[in-house]
Structure formats: structure tokens, C-alpha cells
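In terms of our numbering, the sequence shown opens at residue 6 and continues consecutively.
Each residue gets a CB set at the ideal place from its N, CA and C atoms; glycine is no exception.
Because the structure is a prediction, the values reported are computed rather than measured.
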Amino acid sequence: MTMSPHEIQAYVLTYLEALDCQIMERSPAHVTVKLSPEADKALTNRPYYWGFVERVGVEPETMSFTFVFDPEAYQQITEAAEAKSKASQLAQTPPEANADAPKETILGRYFGITPSMPQLGPGRILREDVVYGSRRLQQIFAAAREGGAFVNLFEQAAKRQIRATSPALYEPWLGVCFKVEFACDLKREELHFLGISLRSGEIVEKFGSKLSRRDLSPRLAENMHAQAPKISLADAGAALESHLTNHLSSLDYSWAEKAKERLQLELDVVDAYYEAVLREDMPEVTEDTEVETVRPVINRVRGILEPIQADVEMAAEATIQPMQDDVDPEQEKAKQAVIDREAMKLQYENRRTEMIWQYEPKVKVTAISSGMFHLR
Numbered sequence: 006m007t008m009s010p011h012e013i014q015a016y017v018l019t020y021l022e023a024l025d026c027q028i029m030e031r032s033p034a035h036v037t038v039k040l041s042p043e044a045d046k047a048l049t050n051r052p053y054y055w056g057f058v059e060r061v062g063v064e065p066e067t068m069s070f071t072f073v074f075d076p077e078a079y080q081q082i083t084e085a086a087e088a089k090s091k092a093s094q095l096a097q098t099p100p101e102a103n104a105d106a107p108k109e110t111i112l113g114r115y116f117g118i119t120p121s122m123p124q125l126g127p128g129r130i131l132r133e134d135v136v137y138g139s140r141r142l143q144q145i146f147a148a149a150r151e152g153g154a155f156v157n158l159f160e161q162a163a164k165r166q167i168r169a170t171s172p173a174l175y176e177p178w179l180g181v182c183f184k185v186e187f188a189c190d191l192k193r194e195e196l197h198f199l200g201i202s203l204r205s206g207e208i209v210e211k212f213g214s215k216l217s218r219r220d221l222s223p224r225l226a227e228n229m230h231a232q233a234p235k236i237s238l239a240d241a242g243a244a245l246e247s248h249l250t251n252h253l254s255s256l257d258y259s260w261a262e263k264a265k266e267r268l269q270l271e272l273d274v275v276d277a278y279y280e281a282v283l284r285e286d287m288p289e290v291t292e293d294t295e296v297e298t299v300r301p302v303i304n305r306v307r308g309i310l311e312p313i314q315a316d317v318e319m320a321a322e323a324t325i326q327p328m329q330d331d332v333d334p335e336q337e338k339a340k341q342a343v344i345d346r347e348a349m350k351l352q353y354e355n356r357r358t359e360m361i362w363q364y365e366p367k368v369k370v371t372a373i374s375s376g377m378f379h380l381r
């Protein structure tokens, strides 16, 4: 799955506007924004600065960014703007003036013309290319997931309710968005947005449709009263999980049976190949030789093949006794055959584990977001 520059821009702008960031400049290829304090804390990784601001109580100075969603188009826009600005400056400069001639300074007489220093401090604007797969976009995704994992919203009242003599009552609802993954060597995902009333226990399956028709805000509306829930959040969450489990148990899982068949076919191929390799004749090894020389070598091979720390590997290498110079060639060949056989067994086990992980059918349910919704 991927996202177009237009989709990335729409997502980033939605996130920035939700956090009350100040949009200073905008085009189809970029946006220049001054971050709000909340967005600055989430995106700039400046914990020491914000710790200082909170301890001292000074006015914070947030950072500004130019997020570029289409670098090629933005480069064309920038070059066109620079050319237009340069042409305008040339048109306004008198013919006798030489605008390109640098001004003579004391330092310039001795050290030559020095380039201007880059602008530093709070006034600078940093540029970031925000394209699909970029580090900044992944950071915005993570910040949006963390900040929007749980919300507390109130339905806004109509104007006649604000002027009414008695307050209207809110009904508290718990809404949870579940992501269900049906995975084997193929994968399919579903989103189930369920809501449950904390007063009556009623469960609504398409809770998002119920919310889309309402004006929601994090502020409690005037002349409105929030009722106390009769069902605890733990019981409500358990009821939603039970409802979703019952729904999933009624589905058709023929895809899982087909996945098991494909898994068995893959395992049969792997078993046939490695069994044929492991059945090959090996040179004879006497019992004494196996105990005294071959077995430590096997242990050494297993230690190298297993994912252990580098220092442990070096320590194991140092403890191995050096081989004698007068080793029988036949015994050396036998030991090498044992080493290859042990390595092949480990490779066989890893291959089977990979096949099972890839083809074995599984259903994974994750709660990706939730919230309290006070509705009329």
C-alpha cells in the first residue's frame, strides 16, 4: 500500500489543523507551518527545552517547518519565484549601480569576501521532505496514533436548547475501533467500530455512522448535563469483545482450511528435500573419537549458528582446544561430515519454522482507538 502526495498532504494538514498549528504558506506541493506547543512536543523531540519552559513559566517559542510533499514540483515553484524576484530587483536597480558588487569591509580587505552566516534561532524555518516512507511521515503517523488513541467528545446542542429553561441530558457511549487481521500467506484486514451505551448496554455495530451525523466537540455544551454511567468501562469493554468474538466465530473459515493444505504441501516439500540430504552416507566415526573430538566441534558449530552475543562467541572460541597436527585424514573428514550434518539439521528446523509462521492461519484483533462519546 502507498499514498500519493495529495493524500499525504491531506493527512498532514488534518493533523496540523487538529493541533491548532498556524499555516503560514501553502501550495499543492508544500505547506509552511508554525507548530503549536502540543505539536512541537510531539514532533521536535525537545524534552529539555519544554522541561525548562514548564519550570520557569516563560512563553514558549515553537519551531517552524516547510513540509514538502512533492519535491520536484516544489523545486520548480521555488526556481520560478527566485527568477521572478531577481527580475524584479534588476528592474528596480538604477543602471549606474552595480548590485552584484560586494560592499568593502575591514575584514574583507584582509580575508576576502566572507559568506553570510546561516540564520539560526527561533526565526529559522526548517525544510522537511514528507513523502511516503519518510521518517517525518512515520513520526506524524505515530503521533496521531498516540494522540488519538482515546478521545472524550460531547455532542453540541442546538441553539434552542441553549435558550431552554431546563438542561438536556447526555447519554454516555463507549466507542472502540477494532482492527481484525485474517492472516496466512495472504492477508485481509477489517475495521469494526462498535459502540455501547453505558446506561442501557445497547451495542451498535456501525457506530461511526451514528457519529458522522452529529456535531462533536471536546467542550461540554451549554445547558447540557452528563449522566453518570451505570456500566463500568471494564464491563463495557468486555461486552464489546464478546460481541466481536461471537461475530467472528460465525464467519466462514474455509480460507483457513485451504491455508493449512498449502502449509502441509510446503512442509512435505521441505521434509522430502532435507530427509534426502540427511540420509546421505557419512564416514564412520568411532565412539571414542566422537566423544573426545567430534562432540566439542558439534557444540562449537551450534554455538556459532545460534544468535548469541559477540563476546560470548569470542569466549567460546578461546575455550576450544587446538587440533593436533597429526590428525588422521579419515577422522578429519568424519568430523567435517558431522559438522555439516548438524548445520543442515539446524537449517531444516529453521526452514520449517518459517513455513509455519508464513502459512499457518491466524486471526488477530487489535483495538486501535477508543473514546467516550456523550450523545443526546
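| Item | Value |
| --- | --- |
| Give the single residue among Pro10, Tyr364, Ala277 and Val135 whose Cα lies nearest to the Cα of Arg267. | Tyr364 |
| Check each candidate in Glu77, Glu194 and Gly180 and name the one with the smallest Cα separation from Gly242. | Gly180 |
| Can we say the region 370-381 touches the region 148-157, given the rule of at least three CB pairs closer than 8 Å? | yes |
| Spell out the partners DSSP gives Leu216 in its beta bridges. | The partner list for Leu216 (beta bridge, DSSP) is empty, contrary to what the question assumes. |
| Could you spell out where the alpha helix (DSSP H) holding Asn251 opens and where it closes? | Leu238 to Ser254 |
| Check whether the Cβ atoms of His379 and Pro223 sit closer than 7 Å, and answer yes or no. | no |
| Give the single residue among Glu337, Lys367, Gln336 and Tyr279 whose Cα lies nearest to the Cα of Ile348. | What sits at residue 348 in the sequence shown is Ala, not Ile. Ranking Glu337, Lys367, Gln336 and Tyr279 by Cα distance to Ala348 puts Tyr279 first. |
| Determine the burial state of Val38: buried for a count of at least 16 other Cβ atoms within 10 Å of its Cβ, exposed for fewer. | buried |
| Report back the beta-carbon spacing between Ala34 and Asp75 to the nearest angstrom; my notes put them in contact at under 8 Å. | 4 Å |
| Should Thr67 and Arg132 be called a contact, given that it needs their Cβ atoms to be closer than 7 Å? | no |
| Tell me whether Met29 is buried or exposed, calling it buried when 16 or more other Cβ atoms sit within 10 Å of its Cβ. | exposed |
| Within the continuous alpha helix (DSSP H) that includes Thr19, where are the two ends? | Pro10 to Ala23 |
| Round the Cβ separation of Lys219 and Val275 to the nearest angstrom and send it over; I've been treating them as touching at under 8 Å. | According to the sequence displayed, residue 219 carries Arg and not Lys. The pair is not a contact, with the Cβ atoms about 55 Å apart (cut-off 8 Å). |
| Would you grab the beta carbon distance between Ala244 and Gly206 for me? Rounded to a whole angstrom, and I think it's under 8 Å. | 7 Å |
| Out of curiosity, what's the CA-to-CA distance linking Ala162 and Ala78? | 45 Å |
| Quick one: give me the first and last residue of the beta strand (DSSP E) that Tyr175 is part of. | Ala173 to Ala188 |
| Going by beta-carbon coordinates alone, are Ser41 and Asp25 separated by less than 7 Å? | yes |
| Taking DSSP as the reference, what is the three-state secondary structure of Asn355? | helix |
| What is the rounded straight-line gap between the Cα of Glu195 and the Cα of Lys184? | 6 Å |
| In terms of residue numbering, what span does the alpha helix (DSSP H) encompassing Asp276 cover? | Ser259 to Leu283 |
| Tell me the rounded alpha-carbon separation between Ala149 and Tyr258. | 34 Å |
| Based on the DSSP output, what are the partners of Arg31 in its beta bridges? | Val36 |
| Only counting the same chain, and skipping five residues up and downstream in sequence, which positions put a Cβ closer than 8 Å to that of His230? | Pro172, Ala173, Leu174 and Tyr175 |
| Ser202: buried (16+ other C-beta within 10 angstroms of its C-beta) or exposed? | buried |
| Contact check, Val73 vs Val135 under 8 Å by CB: the rounded distance? | 7 Å |
| With a CB to CB cut of under 7 Å and the five nearest residues on each side skipped, what residues in its chain are close to Lys235? | Leu203 and Arg204 |
| Sorted by chain position, which residues of the same chain lie with C-beta nearer than 7 Å to Ile82's C-beta, five sequence neighbours on each side aside? | Ser32 and Ala34 |
| Can you check which of these residues, Leu270, Ile145 and Asp345, is closest to Ala23 by C-alpha distance? | Ile145 |
| On a CA-only basis, which of Ser69, Tyr20, Leu158 and Leu95 is nearest Leu225? Give me that one, please. | Leu158 |
| What alpha helix (DSSP H) runs, 4 residues minimum, are completely inside the region 49-85? | 52-61 |
| Looking at C-alpha atoms only, which residue of Val61, Glu227 and Leu191 is the closest neighbour of Glu262? | Leu191 |
| How should Val343 be labelled, buried or exposed, when 16 other C-beta atoms within 10 angstroms of its C-beta is the threshold for buried? | buried |
| Go to Leu142, then tell me how far its alpha helix (DSSP H) extends in each direction, as first and last residue. | Arg140 to Gly152 |
| Can you check which of these residues, Ile130, Glu227 and Arg284, is closest to Arg165 by C-alpha distance? | Glu227 |
| Please say whether Phe187 and Val368 have beta carbons closer to each other than 7 Å? | yes |
| Run through DSSP, which three-state label would Val209 get? | strand |
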